[in-house]
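Below is one structure, written out as structure tokens; comments come after it.
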Amino acid sequence: MSYKERSIWVSLAITLYIWFNYFSELYWAIQQDSLTISSMKSALFTVVTMTIALEILHHIVIAIIDNKNTNYDEDERDKQISLLGSQSAYYLLSFTTIAAVLHLLFPLMSQGLVDILNLPSEYAIINIIIFGALTAEVTKFSTQIFYYRRGF
Amino acid sequence: MAKRITNNIRRLRFDADEMTQQMLADVVGVSRQTIVAIEKGKYSPSLEVAFKIAEYFNVPLEVVFQYQ
Chain A
2 MSYKERSIWV SLAITLYIWF NYFSELYWAI QQDSLTISSM KSALFTVVTM
52 TIALEILHHI VIAIIDNKNT NYDEDERDKQ ISLLGSQSAY YLLSFTTIAA
102 VLHLLFPLMS QGLVDILNLP SEYAIINIII FGALTAEVTK FSTQIFYYRR
152 GF
Chain B
394 MAKRITNNIR RLRFDADEMT QQMLADVVGV SRQTIVAIEK GKYSPSLEVA
444 FKIAEYFNVP LEVVFQYQ
């Protein structure tokens with residue numbers, strides 16, 4: 002497994018771990034009817050700090066384990082795989098953006114979501130965008146791993 | 394049956410004093426995993442890399458890669 006591929010696996014694991022925590026926290030807050038703007042802000046702050054801390058830790062650990070390849074530059078295959086990953090992520094992110102715009106233009110279409118979250122509409126939009134960005138990120142990493150494993 | 398690109402890199406490396414994949418990767422300027430993928434037919438390299446490989450082994454391009 003190359004340095005790049007190993008790095009993608011770890012990033013995928015970190016992303017899934019952090020966002021699973023965020024959405025499970027959100028889910029339990031909704032279940033207990035205790036979801037407030039401040040609790041959501043605090044959950045988002047945790048996501049940001051954990052992402053920064055874990056990504057730094059991830060790069061340090063990988064650099065220690067595989068110090069020979071730390072300064073390894075992407076070659077043409079890495080760049081192509083990276084592009085394929087970004088391409089699939091782009092479609093999902095575009096879809097999410099459209100969904101957020103539709104939510105703004107036609108609030109009735111997503112009234113159910115607003116009722117469930119029990120938060121002002123802008124927070125529903127934030128969660129639509131966050132969910133889309135997360136799905137896009139996971140799709141990007143998964144696509145890259147798929148092409149590293151299967152070839153193209 | 395659809396045609397595909399095959400290659401003789403494994404044999405050419407063997408003939409070149411059992412050159413390692415890492416050595417070839419360093420010469421061509423790609424990672425060892427990319428050489429592995431090319432040898433297994435999992436990745437078709439760019440023309441530039443293909444020519445570099447052929448140039449290194451001092452053989453025509455069609456000796457290294459075939460479209461069949």
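Chains A and B, in that order, give the protein sequences.
Under this note's numbering, the first residue of the first sequence carries the number 2, and numbering increases by one thereafter.
Under this note's numbering, the first residue of the second sequence carries the number 394, and numbering increases by one thereafter.
C-beta atoms are modelled at their ideal positions from N, C-alpha and C, and glycine is treated no differently.
On a predicted model such as this, the values are computed, not experimentally measured, just so you know.
Within-7 Å CB hit, residue i to chain A
i: Thr-427(B); result: yes
i: Val-393(B); result: With chain B represented from 394 up to 461, any question about residue 393(B) goes unanswered, as that position is not in the structure.
i: Ala-430(B); result: yes
Contact check, residue i vs residue j, beta carbons under 7 Å
i: Ala-90(A); j: Thr-140(A); result: yes
i: Leu-93(A); j: Thr-144(A); result: no
i: Ile-82(A); j: Tyr-148(A); result: yes
i: Ala-44(A); j: Glu-26(A); result: yes
i: Thr-427(B); j: Asp-76(A); result: yes
i: His-104(A); j: Ile-126(A); result: yes
i: Lys-445(B); j: Val-421(B); result: yes
i: Phe-142(A); j: Ile-9(A); result: yes
Nearest to residue i (by Cα), restricted to the options the options
i: Phe-132(A); options: Tyr-149(A), Phe-96(A), Ser-143(A); result: Phe-96(A)
i: Tyr-124(A); options: Tyr-23(A), Met-41(A), Phe-21(A), Gly-113(A); result: Met-41(A)
i: Lys-80(A); options: Asn-401(B), Ser-424(B), Lys-396(B); result: Ser-424(B)
i: Phe-46(A); options: Glu-75(A), Ile-61(A), Asn-68(A), Tyr-23(A); result: Tyr-23(A)
i: Thr-12(A); options: Asp-34(A), Ala-54(A), Asn-68(A); result: First, the residue type needs correcting, since residue 12(A) is Ser and not Thr in the sequence shown. It is Ala-54(A) whose Cα lies nearest to the Cα of Ser-12(A).
i: Ile-66(A); options: Ile-146(A), Phe-153(A), Met-2(A); result: Met-2(A)
is_contact[residue i, chain B] using C-beta, thresh 7 Å
i: Arg-78(A); result: yes
i: Gly-86(A); result: no
i: Ser-3(A); result: yes
i: Gly-113(A); result: no
i: Gly-152(A); result: yes
Integer Cβ distance of residue i from residue j, believed to fall under 8 Å
i: His-59(A); j: Ile-19(A); result: His-59(A) to Ile-19(A), Cβ: 12 Å. No contact.
i: Tyr-436(B); j: Arg-78(A); result: 6 Å
i: Ala-409(B); j: Phe-450(B); result: 6 Å
i: Ile-402(B); j: Val-457(B); result: 6 Å
i: Leu-440(B); j: Ala-447(B); result: At roughly 10 Å, the Cβ-Cβ gap does not stay under 8 Å, so Leu-440(B) and Ala-447(B) are not in contact.
i: Asn-68(A); j: Tyr-4(A); result: Asn-68(A) to Tyr-4(A), Cβ: 10 Å. No contact.
Contact test: residue i Cβ vs the ligand NAP heavy atom, cutoff 6 Å
i: Gln-426(B); result: The ligand content of the structure shown is nil, which means the ligand NAP is not present either.
With 9 Å as the limit, tell me which residues of the segment 432 to 444 of chain B have their beta carbon closer than that to any beta carbon of chain A; keep them in chain order. Against chain A - using a Cβ distance shorter than 9 Å - the residues of the segment 432 to 444 of chain B are Lys-433, Gly-434, Lys-435, Tyr-436, Ser-437, Pro-438, Ser-439, Glu-441, Val-442.
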